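Worksheet: one structure, shown below.
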Amino acid sequence: MSWLVLVVSGILETVWAAALKGFFKPASVATFVVALVLSMSGLGYALREIPLGTGYAVWVGIGTIGTALYGMVVLGDSATAARLTCLGLIVAGVVGLKLLH
């Protein structure tokens, strides 16, 4: 259950990071606050059973990948082969941390 909560919390990290793009709009501020509180709460819950270093690295990795993909798909950020390769390396690291846990 802790791993599922950690993954959802990482996805919520993407939500609050994306909300920063329009931060001075009331809806974006509300989205940011709710997603941030839920993301941090879920991370705290998951860290009760998952080692700190592993849990935090996985959470940040999911948030990083999600935010970068959101930028590429929704905001038109460049999606070069080099950037996608680097994101693939982050995915490999997150999967490795889970498998070695």
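Its first residue numbered 106, the sequence shown is counted upward by one per residue in my numbering. Just so it is clear, CB atoms sit at the ideal spot from N, CA and C, and this is done for glycine as well. These numbers were taken from a predicted model, which means no experiment stands behind them.
CA-to-CA distance, residue j to residue i, given in whole angstroms
i, j, result
"Met145", "Leu180", "25 Å"
"Val110", "Val139", "16 Å"
"Ala124", "Val134", "7 Å"
"Lys130", "Leu117", "19 Å"
"Lys203", "Tyr150", "17 Å"
"Arg188", "Thr172", "13 Å"
"Gly127", "Leu141", "15 Å"
"Ile170", "Ala197", "11 Å"
"Thr190", "Ala132", "34 Å"
"Leu205", "Ala122", "28 Å"
"Ala186", "Ile195", "14 Å"
Endpoints, alpha helix (DSSP H) assigned at residue i
i, result
"Ser114", "Ser107 to Ala124"
"Phe137", "Pro131 to Ala151"
"Gly171", "Leu157 to Val178"
"Ala187", "Ala186 to Leu205"
Test item: CB-CB of residue i and residue j under 8 Å
i, j, result
"Val199", "Gly166", "yes"
"Leu148", "Gly160", "yes"
6 Å Cβ shell around residue i - same chain, five flanking residues per side excluded
i, result
"Gly115", "Trp164, Ile167 and Gly168"
"Val182", "Reading off the sequence shown, one finds Asp at residue 182, where the question assumed Val. For Asp182, where only same-chain residues beyond five positions count, the Cβ hits under 6 Å are Gly176."
"Thr136", "Ala124"
"Ser107", "Ala151, Glu154 and Ile155"
"Val120", "Ala140"
Contacts around residue i, its chain only, beta-carbon distance under 8 Å, and the 5 residues preceding and following it disregarded
i, result
"Leu143", "Ser114 and Leu117"
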